[in-house]
Amino acid sequence: MAEVYERVCVTCGSTGESVRFEQCTICNHLYCLDCAYKAGHGRRFCSPECARAYYFAGETDDDEDTELDDD
51 MAEVYERVCV TCGSTGESVR FEQCTICNHL YCLDCAYKAG HGRRFCSPEC ARAYYFAGET
111 DDDEDTELDD D
């Protein structure tokens, strides 16, 4: 049996046929174009977290190192 799901923006909750939705390439959530988080080179994501995951996946965060190097 096919599942029926409602198309809803994860950010604002808007639904309907007049709203254009896109699917986030990182988490596969749907978002409307009004709520899209625009990142470098014209890419759109559902949130800033997904944009960071796309561009900086696997890299360590510079802010996580709280110790100072005394070399």
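Quick note on the working numbering: the sequence shown kicks off at 51 and runs consecutively.
Backbone N, C-alpha and C define an ideal beta-carbon position, used for all residues, glycine too.
Predicted, not measured: the structure shown is a model, and the values here were computed from it.
Shown here, E99 sits in a helix according to DSSP, grouped into three states. Classified as exposed, F106 has fewer than 16 neighbouring CB atoms from the shown chains inside 10 Å of its CB.
The straight-line gap separating the alpha-carbon atoms of G66 and R94 is approximately 21 angstroms. Following the DSSP letters along the chain, one finds L80 inside the beta strand (DSSP E) bounded by residues L80 to C82. For T75, same chain residues with a beta-carbon under 6 angstroms away, outside a window of 5 residues either side, do not exist. Straight through space, the alpha carbons of A101 and S64 are spaced by roughly 22 angstroms.
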